[in-house]
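The next block holds one structure in the form of structure tokens; read it before the comments.
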Amino acid sequence: MTDRILLVGATGFLGGAVAARLAHRQPIALVRSSSDRSVLPTGMEVREGDLAWPLPLDGVDTVVYCASMGFGHVPGLIRQLEAEHKVSRAVFVSTTAVFTSLPSASRAVRLEAEAAVQSSALDWTILRPTMIYGTARDRNISRLLRFVKRWPVFPLCGNALWQPIYIDDLADAVITALDSPATARKAYNLAGAEPLTFADLVRTAASVVGRRIVLLPVPLEAAVLAARLSRVVTAEQIRRLAEDKAFGITDTARDFNFAPRSFADGVRLEAESLGLAPSFRKR
Ligand SMILES: NC(=O)c1ccc[n+]([C@@H]2O[C@H](COP(=O)([O-])OP(=O)(O)OC[C@H]3O[C@@H](n4cnc5c(N)ncnc54)[C@H](OP(=O)(O)O)[C@@H]3O)[C@@H](O)[C@H]2O)c1
């Protein structure tokens, strides 16, 4: 067990779920002056700060980092942690996007951040989730569920493998990894139970909202052009659609009993929580 934890990114989608699980251990949430503190568990201690500046670490011996590692703040944070010698244990949430073979503006920054963590003297653990889904706060499957509930046709761009991870499985894994000495100085991929093709992912999402969907194949370059013109999504996001995103989780399962649920189970829960499942009745 660890002592005083600073939770970075506590007001975010993942950080909020981690905050709920850590609440009984009296962690400190790092918040910006602009952060929405209403999403934090009642009574959680907060310290104002920003990753662009040295963190307020008085009394803190553990950092759980659920903000992006793609903004360039991590090497400076590691220098601070090493200089102050207050923190010994740190869990960093990175992303499987570091494995992309596509040109990506943030990949080099993320790799530099991971390298800074890995070369530090901390008892670090890096967790690399795939796409996270499961509540209205996700920016992916909640939109897909609303789309397939409303429209009978879905444009299918490529048919790559996906392996999204359900928010509760990931938040539980962050806590288990934090408390598992076997995870120190190691990096892990965290993904759903098994990969599925994008077509199966869309069909599964449609089925849990009680719809049948017609998939309309769209050439990749046409979708990239539409993305550039519409600016609703970026060309990089469209190209990522067509890239396989399946990741082995054998080490993760072995070292800290990671046993994530299937996409079918997770997306059913999400559809129910959004009131989109066919049996859902508003009281
Ligand atoms: N969401 C996904 O599908 C996904 C997939 C793979 C990996 N990940 C990784 O998982 C982690 C969490 O993602 P998420 O979706 O939960 O992110 P999120 O919802 O965007 O939350 C980001 C958090 O970081 C905080 N933050 C951002 N800039 C900050 C700064 N300069 N100083 C202090 N705090 C700052 C935000 O505070 P405010 O509330 O003030 O904005 C917020 O609490 C990230 O490392 C992300 O790369 C996410």
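Under the working numbering, think of the first position of the sequence shown as 6, with each following residue one higher.
Virtual Cβ for every residue (Gly too), placed ideally from N, Cα, C.
Reduced DSSP category for I33 - H, G, I as helix; E, B as strand; rest coil: Note: I33 maps to strand in three-state DSSP.
Which runs of the alpha helix (DSSP H) at least 4 residues long sit entirely within the stretch 98-138? Give them in chain order. Counting only unbroken stretches of 4 or more residues, the alpha helix (DSSP H) elements lying wholly within the stretch 98-138 are 112-123, in sequence order.
Environment of D174 [buried if 16+ CB atoms lie within 10 Å]: Classification for D174: buried.
Going by C-alpha distance, which of A258, R233, S212 is nearest F268? With distances taken between CA atoms, F268 lies nearest to S212 out of A258, R233, S212.
First and last residue of the uninterrupted alpha helix (DSSP H) at V207: DSSP places V207 in the uninterrupted alpha helix (DSSP H) bounded by 203-213.
V96 CB to nearest chain C CB: under 8 angstroms? The chain inventory of the structure shown lacks chain C, comprising one protein chain alone.
Using the rule of at least 16 other Cβ atoms within 10 Å of the residue's Cβ for burial, across every protein chain shown, is A34 buried or exposed? Looking at its Cβ environment, which holds 16 or more other Cβ atoms inside 10 Å, A34 is buried.
Exposed or buried, which one is R42 when buried takes at least 16 other CB atoms within 10 Å? Exposed, by the Cβ-count rule.
Buried or exposed for E119, going by 16 or more other Cβ atoms inside 10 Å? So E119 ends up on the buried side.
Using only CA atoms, which one of K250, L274, R245 lies nearest to P108? The option with the nearest alpha carbon to P108 is R245.
Cβ separation of V229 and I218, assumed to be a contact under 8 angstroms, to the nearest whole Å: The beta-carbon separation of V229 and I218, rounded to 23 angstroms, does not stay under the 8 angstroms limit for a contact.
Looking at the secondary structure, which residues open and close the beta strand (DSSP E) in which L161 lies? In this chain, the beta strand (DSSP E) harbouring L161 covers 158-161.
CA-CA distance, I137 and H90? The straight-line gap from Cα to Cα measures roughly 33 angstroms.
Tell me whether P134, by its Cβ, gets closer than 7 angstroms to a heavy atom of ligand 1. Yes, the beta carbon of P134 sits closer than 7 angstroms to at least one heavy atom of ligand 1.
heavy atom of ligand 1 below 7 angstroms from I137 C-beta: Yes; taking the cut-off as 7 angstroms, the Cβ of I137 has a heavy atom of ligand 1 nearer than that.
What whole-angstrom Cβ distance do P59 and I170 have, given they're in contact under 8 angstroms? Wrong, their Cβ atoms sit about 32 angstroms apart, outside the cutoff.
Is it buried or exposed for R115, if we count other Cβ within 10 angstroms and need 16 for buried? Here R115 is buried. Its C-beta has 16 or more other C-beta atoms within 10 Å.
Exposed or buried, M6, counting other C-beta atoms within 10 Å across all chains shown (16 or more means buried)? With a pLDDT of 47 at M6, under the threshold of 50, the modelled position of that residue is not reliable, and the figure given next carries that caveat. It counts as exposed.
Looking at M74 and ligand 1, is the gap between the Cβ and the nearest heavy atom below 7 angstroms? True, at least one ligand heavy atom lies under 7 angstroms from that Cβ.
What's the gap between the Cα of F203 and the Cα of G64? Roughly 46 angstroms between the two C-alpha positions.
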